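J.: Using the numbering used here, you'd call the opening residue of the sequence shown number 136 and step up by one each time.
I have a structure I would like to understand better, so I am pasting it below and will then ask my questions one at a time.
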Amino acid sequence: MDQNYYDFTVKMEKENVNADYIEGWQSGYVLNPPREEQRLTEAYEAGYEDGKARNMDNYSNWVGK
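Structure representation (structure tokens):
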């Protein structure tokens, strides 16, 4: 796994980012298929899109949510 993935995951966990956002970001980053439709949340979908784009700027929108 690349170091950026690991370091950014640790950063999000330390900053108490929404768990669904983190899971979505991780899944998108490694290009896993998204969750089943009934398990999608707004946070997961936002994280998935950011992870797929390798975007590390929007996570702060999900701190403490």
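Note that beta-carbon positions come from the ideal geometry of N, C-alpha and C, so glycine has one too.
Since the structure is predicted, the reported quantities are computational estimates derived from the model, not experimental observations.
1. For V165, name the three-state secondary structure that DSSP assigns.
2. Please check the pair T176 and D155, which I expect to be a contact at CB under 8 Å, by giving their CB distance rounded to whole angstroms.
3. Less than 8 Å between the beta carbons of D185 and G163, yes or no?
4. Report all residues from its chain with a CB closer than 7 Å to the CB of V152; omit the five preceding and five following residues, and keep chain order.
T.: Judging by the given coordinates:
1. Here V165 sits in coil by DSSP.
2. 5 Å
3. yes
4. Y194, W197, V198
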